[in-house]
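Inspection log for the structure reproduced underneath, given as structure tokens.
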Amino acid sequence: MQYLEQQILNNPKQALKMQQVENATREFLSQGDARVVDGIITIPVVVHVVWNTAAENISDEQIQSQITILTEDFRRLNSDANNNWPQAADAEIEFCLAGSDPNGNTTNGITRTQTSVTSFSTNDNVKFDATGGKDAWPSSQYLNFWVCDLGGGLLGYAQFPGGPANTDGIVCDYQYVGNIGTATPPYHLGRTATHEVGHWLNLRHIWGDGGCGVDDLVADTPVSDAPNFSCPTGHVSCGSTDMIENYMDYTHDDCMNLLTLGQ
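Quick note: the sequence shown uses the numbering used here, first residue 1416, plus one each step.
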């Protein structure tokens, strides 16, 4: 959340925009069955690989494994889905690599940029050609997904709805993308991107980034006092069992397996 706090500090109007998004969501949900009439939403993704070493220049196959995982996780088609929580649900969102670029040319949905920058951070330099990264494609048409070496032990970060268009999207360290190649345990099953896409779609951390008195703005997720790490099965806080399997917690990839209907 430090990234979000810094964005709001730099642009106080973003907090208002985020509240407007939240209000619009509440209004939509108040209308009853808030399902998409025509079924599944498919989001085209462009993956910007910004690399300094050969290891960071991850393969097309590793990238595709991540796109597959995103669809499986959001559709609840993941092989590790369990039924411990009856509110676990299919979000009816799928993902695909973009088939055309902003000029209408055929693409595989992957850009590759060699950089002299050895490590990036949450300052968004990876999102601009001028600072050793790669400019975003139009955020109204694509989910921009940057892959790079993130310093400071960061797995990834995301911009919430309402932020600037030229920084819109998610960023993941190259070691935590997909489930093959450089994917590194315990974050080797692609759930870092699932978590960050959740933020990009306006989901907060399941513990609400506070104690028991702070909510994640989702009615069917249990209140939790703090993030969970590893996979502490049966952990109780705030008088109820924590939903450690939720993608919006901080548990290991092999512990996570669900989003709720409310999310």
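The beta carbon of each residue, even a glycine, is placed where N, CA and C say it ideally should be.
Pick out whichever of ASN1425, HIS1463 and ASP1657 has its Cα sitting closest to the Cα of LEU1558. HIS1463
Residues in the same chain with beta-carbon distance under 8 angstroms from ASP1475, minus the five sequence neighbours each way, listed in chain order, please. ASN1523 and ILE1525
Name, in chain order, the residues that DSSP records as bridge partners for HIS1650. DSSP output for HIS1650 lists no bridge partner at all.
Residues that DSSP places opposite THR1599 in a beta bridge: THR1599 pairs with nothing; no bridge assigned.
I need the straight-line Cα distance from SER1536 to HIS1620, nearest angstrom please. 20 angstroms
Can you grab the Cα-Cα spacing for the pair THR1675 / ASN1581, in whole Å? 30 angstroms
I need the straight-line Cα distance from PHE1636 to SER1531, nearest angstrom please. Here residue 1636 turns out to be Thr, not Phe, going by the sequence shown. C-alpha separation (whole angstroms): 43 angstroms.
Could you give the DSSP three-state label for SER1480: helix, strand or coil? helix
Leaving out the 5 sequence neighbours to the left and right, which residues in its chain are closer than 8 angstroms to GLU1437 when beta-carbon positions are compared? ASN1617 and LEU1632
Could you give the distance in angstroms between the alpha-carbon of PHE1489 and the alpha-carbon of TYR1591? 18 angstroms
Measure the alpha-carbon distance for PHE1575 versus GLY1649 and round it to whole angstroms. 30 angstroms
Does the segment 1598-1616 come close enough to the segment 1661-1668 to have 3 or more Cβ pairs within less than 8 angstroms? yes
Is it buried or exposed for THR1609, if we count other Cβ within 10 angstroms and need 16 for buried? buried
How long is the line joining the alpha carbons of GLY1514 and VAL1562, rounded to whole angstroms? 19 angstroms
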